[in-house]
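Q:
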């Protein structure tokens, strides 16, 4: 959309308006610029900064100050108005950022101690592409008679008829409707017959019909749906947890709340934890509402992103489904936010601006007095505590939809029924797979570990292949013939000789990855049709859609996958799920290790028996006495979470207290350690406040930077952010050392 450059004389004039403009840079706040006209907050503009020109947003409140090198303002004092640099241009045809989105950006920045400009950068990813934001221009017939000198050829007559029948259109539209070339259309414009006009950017999707195909709900589902609809119709901020066993029809239930919001003329945002899930979800949405929703994620093309962004800002796009970044879209009339699989850790953004998508979705809805629906079969402990304290409402679906029953869960004791040396599938599990194949049913093998093997060891000297940039083992990916680090994405070709002792053919893979399980399954079931569902190969919604199609059309006998297979899929003919290593994830010092393992295994178990045939889940484990295994066998998620809560409550661990991780990193280990110790010396103290550390982070070297970690823990009633600001504002800065803060961390690496 075109920039309307300010007149040249405005750069010389001293009269005008002082404006605060927030730019996508890591400054403390907005900067001072001048303009020859007053611009309302939210207006997008182009401004000079140093030798660059950036897209920024006219902001609310007072400007911050920058070093003199940048010239808009000077640190510690405001420049005289005449010395302020002028705004270069106003993005006239780009919709402004609404008030609630600007408030949301400030809120996210303040909560996570991020620079507000860096939060703004997330919202400006589309408008900042100034070249792609030009207005959509078309042609219309000039009023009055045709010029006497005009030679009316058949092609020109066809263009004029297309305009008469369909109204104004772009060159491409008129060419398609008339069959004439673009040269003919330009010729009519040069002859004075056509004039240029501004076209409305078409919405990526049409209007959803809330009454297109209403579902037939069970009594339990109808009761839950009625409560969700009531929450939407209140038109006030409220949060409801929709908890339901896997296969209970949670999506169809919250679709009724979506329909209620559409009837009010308001917009809906649905967040999914993985973009690969959008394909199956949009299919279900289309069957219910007669049209596909807008999709928002990183795989979209630039043109689609622009059109979707503008349609959302202008209120023409009703429903958006996407990843966590969709929270920063400029909704004109947002009324409902749904967070599907709210327990998923992938909602946490762990690089750049750190925020949790579930928590920020609640903030986003509160700012517009909208409703929030959190959906899960295995809710997070944070959400359950909010339900217990009466902050969130609670609706429960206890039965699977239709005649489907919950699967039977059994444990395979690998100490008694383990496989042969060098194999990883128990004979008991293999027998069950063979039985399902004979019955014409589908099975799934689950292992939450990518690649062929998690570690490679030299039999001659014991050397382990490690990433040169991180304190992590290199993972073998045999199909791609590489060794890869899953933390910094460094790769190298497979090697035949040990880099330490030089011994040839001495390197052996240790432990199984999903590729190795695929190899073993091929050998054990040579007639089976196998399909891998792994993020390494299914990298887009299109690829995932094709995989889902093959499974649904019975072109697959055995599915082998990582955690992507655990997320909400509905495969009616899948009757057996085998978990290759149920103990994976229980070790280490992660506060939430048991909770995460319970949620993941409960979710993957829920893929079995969702149709008319009974399902079975088999867990391969060496730790059958672990509380997670006992809870899974008893199908008692709630009791397990109560035990977890009892362990966390006395020490005010989340959600009964607050945590913030302070990570110090530097190119040299001594630099990082010294700064971490200085921080520890000046750490906040007091009743209900504790600082743990410093200690080397579990991932002590990441991308060539050494890392030390401190953990600030407080009671729930103590405000965390002021403590952090006072502590870190006076922290010394040493050479290339860096201090990063993660409020409410979900990862402790």
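In the working numbering, the protein residues as written are 3 to 751.
Glycine included, C-beta positions come from ideal geometry on N, C-alpha and C.
Span of the alpha helix (DSSP H) holding residue 2?
A: With the chain represented from 3 up to 751, any question about residue 2 goes unanswered, as that position is not in the structure.
Q: Between the alpha carbons of residue 132 and residue 57, how many angstroms are there, rounded?
A: Sequence index remark: in the chain shown, residue 132 carries index 130 (1-based). Sequence index remark: in the chain shown, residue 57 carries index 55 (1-based). Residue confidence for residue 132 is low, a pLDDT of 44 falling below 50, so the modelled location carries little weight; the figure read from the coordinates is stated next. About 8 angstroms.
Q: Measure the CB-CB distance between residue 297 and residue 259 and report whether it falls below 8 angstroms.
A: Counting from one through the chain shown, the residue named residue 297 turns up at place 295. Counting from one through the chain shown, the residue named residue 259 turns up at place 257. Contact flag unset, no.
Q: In angstroms, rounded to a whole number, what distance separates the CA positions of residue 9 and residue 44?
A: Locating residue 9 in the chain shown gives position 7, counting from the first residue. Locating residue 44 in the chain shown gives position 42, counting from the first residue. Unreliable positioning characterises residue 9 in this predicted model, as indicated by a pLDDT of 45, which lies under 50. A coordinate reading is not provided.
Q: Looking at the strands, I want to know which residues DSSP matches up with residue 756.
A: No statement about residue 756 is possible, as the shown extent of the chain runs from 3 to 751 and does not include it.
Q: Relative to the C-alpha of residue 90, which residue among 107, 112, 53 and 104 is closest?
A: Locating residue 90 in the chain shown gives position 88, counting from the first residue. For the residues 107, 112, 53 and 104, the minimum Cα distance to residue 90 belongs to 53.
Q: Tell me, please, which residues DSSP counts as bridged to residue 351.
A: Position 349 of the chain shown, counting from 1, holds the residue named residue 351. Answer is 357.
Q: Would you mind sorting residue 113 into buried or exposed? The rule is 16 or more other CB atoms within 10 Å of its CB.
A: For the purposes of this step, residue 113 is taken as residue 111 along the chain shown, with counting starting at 1. Classification for residue 113: buried.
Q: I need the straight-line Cα distance from residue 677 to residue 476, nearest angstrom please.
A: Position 675 of the chain shown, counted from the start, is the residue given in the question as residue 677. Position 474 of the chain shown, counted from the start, is the residue given in the question as residue 476. C-alpha separation (whole angstroms): 30 angstroms.
Q: Run through the region 233-296 for me and flag every whole beta strand (DSSP E) of 3 or more residues, listed as ranges in chain order.
A: Complete beta strand (DSSP E) runs here, min 3: 240-246 and 269-273.
Q: With DSSP as the reference, identify every bridge partner of residue 412, one or two as the case may be.
A: Taking the first residue of the chain shown as 1, we reach residue 412 at position 410. BP columns for residue 412 point to 620.
Q: Take residue 18 as the anchor and find which of 32, 87, 730 and 24 has the nearest alpha-carbon.
A: As a first step, residue 18 must be located in the chain shown, where it is residue number 16. Closest by alpha carbon: 87.
Q: Would DSSP call residue 91 helix, strand or coil?
A: In the chain shown, the residue the question calls residue 91 occupies position 89. It is a strand residue.
Q: Between which two residues does the alpha helix (DSSP H) holding residue 720 run?
A: Working through the chain shown from its first residue, we reach residue 720 at position 718. Premise fails: residue 720 is in no alpha helix (DSSP H) and is neither H nor E.
Q: Specify the secondary structure class of residue 311 as computed by DSSP and reduced to three states.
A: Position 309 of the chain shown, counting from 1, holds the residue named residue 311. Helix.
Q: Whole angstroms are fine: how far does the CA of residue 95 sit from the CA of residue 559?
A: Along the chain shown, one-based indexing puts residue 559 at 557. Along the chain shown, one-based indexing puts residue 95 at 93. Rounded to the nearest angstrom, the two C-alpha atoms are 53 angstroms apart.
Q: Assign residue 139 to one of two classes, buried (16 or more other C-beta atoms within 10 Å of its C-beta) or exposed (fewer than that).
A: Position 137 of the chain shown, counting from 1, holds the residue named residue 139. Per the 10 Å Cβ criterion, exposed.
Q: Kindly list the residues whose CB is nearer than 6 angstroms to the CB of residue 357, restricted to its own chain and excluding five residues on each side of it in sequence; keep chain order.
A: Locating residue 357 in the chain shown gives position 355, where the first residue counts as 1. Excluding positions up to five away in sequence, the list reads 110, 114 and 351.
Q: Using DSSP with H/G/I as helix, E/B as strand and the rest coil, what is residue 658?
A: For the purposes of this step, residue 658 is identified with residue 656 of the chain shown, where counting begins at 1. Coil at residue 658, not helix or strand.
Q: Using the three-state DSSP reduction, which class does residue 74 fall into: helix, strand or coil?
A: As a first step, residue 74 is located in the chain shown; it is residue number 72 there, counting from the start. Low confidence applies to residue 74: its pLDDT is 39, below 50, so where it sits in the model is not reliable enough to give any reading.
Q: Please report the distance separating the alpha-carbon of residue 165 from that of residue 180.
A: For the purposes of this step, residue 165 is taken as residue 163 along the chain shown, with counting starting at 1. For the purposes of this step, residue 180 is taken as residue 178 along the chain shown, with counting starting at 1. When rounded, the distance between both Cα atoms is 9 angstroms.
Q: Between the beta-carbon of residue 389 and the beta-carbon of residue 360, is there less than 8 angstroms?
A: Here residue 389 refers to the residue found at position 387 when the chain shown is read from its first residue. Here residue 360 refers to the residue found at position 358 when the chain shown is read from its first residue. Against a cut-off of 8 angstroms, the Cβ pair of residue 360 and residue 389 comes out as no contact.
Q: Give the straight-line distance between the Cα atoms of residue 645 and residue 628, rounded to the nearest whole angstrom.
A: Sequence index remark: in the chain shown, residue 645 carries index 643 (1-based). Sequence index remark: in the chain shown, residue 628 carries index 626 (1-based). About 12 angstroms.
Q: Short of 8 angstroms in beta carbon distance, which residues of its chain neighbour residue 567, apart from the five on each side in sequence? Order them along the chain.
A: Numbered from its first residue, the chain shown carries residue 567 at position 565. Excluding sequence neighbours, residue 567 sits near 446, 448, 535, 561, 606 and 609.
Q: From this set, 565, 495, 592 and 367, which residue's C-alpha is nearest residue 581's C-alpha?
A: The residue you call residue 581 lines up with position 579 of the chain shown. Here the closest residue by C-alpha is 565.
Q: Which residues does DSSP list as the beta-bridge partners of residue 342?
A: On the chain shown, position 340 is the one that residue 342 refers to. Answer is 377, bridged to residue 342.
Q: Which residues bound the beta strand (DSSP E) around residue 699?
A: Numbered from 1 along the chain shown, position 697 holds the residue referred to as residue 699. Residue 699 -> beta strand (DSSP E) spans 691-704.
Q: For residue 365, which residues in the same chain have their Cβ closer than 7 angstroms to its Cβ, ignoring the five residues on either side in sequence?
A: By one-based count along the chain shown, residue 365 stands at place 363. Only 106 and 109 meet the Cβ criterion.
Q: Using a C-beta cutoff of 8 angstroms, does residue 412 count as contacting chain B?
A: Considering every chain present, this structure includes no chain B. It has just one protein chain.
Q: Would you report the Cα separation of residue 41 and residue 48, rounded to the nearest angstrom?
A: Translated into positions along the chain shown, residue 41 becomes position 39. Translated into positions along the chain shown, residue 48 becomes position 46. If you take the alpha carbons of residue 41 and residue 48, they lie about 13 angstroms apart.
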